[in-house]
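Residue numbers (this note's numbering): 1112 to 1519.
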């Protein structure tokens, strides 16, 4: 099909055709995006939309970031894939500088967030058997209610979301779920077979759910005292989103394993990683874990550029500064169509008053006003603007939300 023929088709036609020929694993808003730059997206008919989702934080640095595009184009002309059967010239710097950003010794690159979570599970189990001395086949990992770590069969097996879990069993054993943010429940669940605790420092899919103050510090102390690995899934929360490099930084906590993804690929290519010290990641030996595309040259080149952008602290500071605006504006809506808000940096969960409508209905009303956001769990919507959004554009987007929930 020629470009002109594509351009002549409407959003409605392309949307309907997409829905007719794809598995229904998503329920997207009826927007067909053709171009995007910064915090703005343009559909096939030329309508502009302010992106307040940023690809679930995969687009922390916005659409078409010029430096990330430059690096990607340059690498595309040189080398895109070798597999880990060989070493390429981008690999060493990416691993070293990502490790330095995390304050850790080793990096294991993968592709998607779910792959990184699966990797962390395998590493914690192997560490448990080889270092802690857990009885073979008995390793246990503690997880939290309301978690979202991905959609593989292992991961959904320790989810309490029926949409994610129902119909996909039988599930792998070895996980115990406790109430999120309840340090006493975590401690009660730890036994001689516990090898790790896997949690999100902020539960994004759950609606930007914040743990109680001090929970992460208490969890760190507990894991150290009981010889259990602390793994933080920072796939959505990390890499600048909350106003610090990692959400764990808000309590000055350093986990044993960082699980990273989304923004690490700059919105250009899937990049994820598990980052830990040698006494943890060093349990893996050749042939025990791998990925054909994990750590490929294109991914490493883009990921390295992302790490260097974060190393300046500029984007973290911007998220913190704009997050103040976000918090103040959203808190003013409580009691005016909004029941509650949760904000950390440039990330917010907003519980909509059911009398206003469902989260989906609010997102549809926002779309009609040129703003794109995402609902979750019925009455909650999430905002995660690109960190490069201007204060003026953020304020305009929040104006549209205010008018929708107030019934203007």
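In this text, a Cβ means the ideal position worked out from N, Cα and C, and glycines have one as well. Bear in mind that the values here come from a model prediction, so they are computed numbers and not experimental data.
Among 1497, 1514, 1511, 1508, which residue has its Cα nearest to the Cα of residue 1148?
Position 37 of the chain shown, counted from the start, is the residue given in the question as residue 1148. Closest by alpha carbon: 1497.
State the DSSP-derived secondary structure class of residue 1383, mapped to helix, strand or coil.
As a working mapping, residue 1383 is identified with position 272 in the chain shown. In this structure, residue 1383 counts as strand in the three-state DSSP scheme.
Simplified DSSP assignment, three categories, for residue 1240
As a working mapping, residue 1240 is identified with position 129 in the chain shown. Helix at residue 1240.
Given that a residue counts as buried once 16 or more other Cβ atoms are within 10 Å of its Cβ, and exposed if not, what is residue 1069?
Since the first and last residues shown for the chain are 1112 and 1519, residue 1069 lies out of range.
Anyone know if the C-beta pair for residue 1404 and residue 1192 falls short of 9 Å?
The sequence position of residue 1404 within the chain shown is 293, counting from 1. The sequence position of residue 1192 within the chain shown is 81, counting from 1. Against a cut-off of 9 Å, the Cβ pair of residue 1192 and residue 1404 comes out as a contact.
Taking all protein chains shown into account, do 16 or more other C-beta atoms lie within 10 angstroms of the C-beta of residue 1424, making it buried, or fewer, making it exposed?
Translated into the one-based positions of the chain shown, residue 1424 becomes position 313. Exposed, because fewer than 16 other Cβ atoms sit within 10 Å of the Cβ of residue 1424.
Burial state of residue 1074 (16 or more Cβ within 10 Å):
One cannot answer for residue 1074 here, as it falls past the ends of the chain, which runs 1112 to 1519.
Taking all protein chains shown into account, decide if residue 1377 is buried (16 or more other Cβ within 10 angstroms of its Cβ) or exposed.
For the purposes of this step, residue 1377 is identified with residue 266 of the chain shown, where counting begins at 1. Counting Cβ neighbours within 10 Å, residue 1377 comes out buried, since at least 16 surround it.
Buried or exposed for residue 1154, going by 16 or more other Cβ atoms inside 10 Å?
Position 43 of the chain shown, counted from the first residue, corresponds to residue 1154. Residue 1154 should be labelled buried.
Would you report the Cα separation of residue 1388 and residue 1310, rounded to the nearest angstrom?
Numbered from its first residue, the chain shown carries residue 1388 at position 277. Numbered from its first residue, the chain shown carries residue 1310 at position 199. When rounded, the distance between both Cα atoms is 19 Å.
Of all Cβ atoms in chain C, is any one closer than 9 Å to the Cβ of residue 1408?
Among the protein chains of the structure shown there is no chain C, as only one such chain exists.
Environment of residue 1112 [buried if 16+ CB atoms lie within 10 Å]
Counted from its first residue, the chain shown places residue 1112 at position 1. Model confidence at residue 1112 stands at a pLDDT of 37, short of 50, so the residue's coordinates are unreliable; what they give is reported in the following sentence. Classification of residue 1112: exposed, given that the 10 Å Cβ count is below 16.
Rounded separation between residue 1094 and residue 1189 - CA only:
Here the chain comprises residues numbered 1112 to 1519, so residue 1094 is not present and cannot be evaluated.
What whole-angstrom Cβ distance do residue 1418 and residue 1212 have, given they're in contact under 8 Å?
Taking the chain shown and counting its residues from 1, one reaches residue 1418 at position 307. Taking the chain shown and counting its residues from 1, one reaches residue 1212 at position 101. The Cβ separation is near 5 Å, so the contact holds.
Going straight from the alpha carbon of residue 1252 to that of residue 1353, what length do you get?
Walking along the chain shown from the start, residue 1252 turns up at place 141. Walking along the chain shown from the start, residue 1353 turns up at place 242. Approximately 26 Å between the Cα atoms of the pair.
For the candidate residues 1340, 1221, 1470, 1501, whose alpha-carbon lies nearest to that of residue 1486?
For this step, residue 1486 is matched to residue 375 along the chain shown. If we check each option's Cα against that of residue 1486, 1470 comes out closest.
Write down the C-beta distance between residue 1208 and residue 1415 rounded to the nearest angstrom, noting that I regard them as a contact closer than 8 Å.
In the chain shown, residue 1208 corresponds to position 97, counting from 1. In the chain shown, residue 1415 corresponds to position 304, counting from 1. The pair is a contact, with the Cβ atoms about 6 Å apart (cut-off 8 Å).
Delimiting residues of the beta strand (DSSP E) encompassing residue 1436
As a working note, residue 1436 is residue 325 in the chain shown. First-last for residue 1436: 1425 to 1442, but that is the alpha helix (DSSP H), not the beta strand (DSSP E).
Assign residue 1495 to one of three DSSP states: helix, strand, or coil.
What you label residue 1495 is simply residue 384 of the chain shown in a count that begins at 1. Three-state DSSP puts residue 1495 in coil, outside helix and strand.
Nearest to residue 1317 (by Cα), restricted to the options 1430, 1257, 1133:
Residue mapping note: residue 1317 aligns to position 206 of the chain shown, counting from 1. With distances taken between Cα atoms, residue 1317 lies closest to 1257.
Validate contact between the segment 1460 to 1475 and the segment 1395 to 1403 using beta carbons, cut 8 Å, 3 pairs
Three or more Cβ pairs closer than 8 Å define a contact, and the segment 1460 to 1475 falls short of that threshold against the segment 1395 to 1403.
Determine the contact status of residue 1401 and residue 1383, defining contact as a CB-CB distance below 9 Å.
Against the chain shown, residue 1401 aligns to sequence position 290. Against the chain shown, residue 1383 aligns to sequence position 272. Going by C-beta atoms, residue 1401 is not nearer than 9 Å to residue 1383.
If contacts are defined as beta-carbon pairs under 8 Å, then residue 1391 and residue 1367 qualify, I think. What distance do you get, rounded to the angstrom?
Here residue 1391 corresponds to residue number 280 of the chain shown, with the count starting at 1. Here residue 1367 corresponds to residue number 256 of the chain shown, with the count starting at 1. The Cβ separation is near 6 Å, so the contact holds.
Distance check for residue 1151 and residue 1117, CA to CA, integer angstroms please.
Counting from one through the chain shown, the residue named residue 1117 turns up at place 6. Counting from one through the chain shown, the residue named residue 1151 turns up at place 40. Confidence is the limiting factor: at residue 1117 the pLDDT is only 48, short of 50, which leaves the residue's position unreliable, though a coordinate-based value still follows. Near 21 Å, if we compare the C-alpha coordinates of residue 1151 and residue 1117.
Determine the DSSP secondary structure at residue 1273, reduced to helix, strand or coil.
In the chain shown, residue 1273 corresponds to position 162, counting from 1. If DSSP states are grouped into helix, strand and coil, residue 1273 belongs with the helices.
Spatial neighbours of residue 1216 within its chain, please: CB distance less than 7 Å, with the 5 preceding and 5 following residues excluded, ordered by chain position.
On the chain shown, residue 1216 is found 105 positions in, with the first residue counted as 1. Within the same chain, residue 1216 has close Cβ partners 1210, 1388, 1389.
Can you tell me which of 1196, 1218, 1197 puts its alpha carbon nearest to the alpha carbon of residue 1204?
Residue mapping note: residue 1204 aligns to position 93 of the chain shown, counting from 1. It is 1218.
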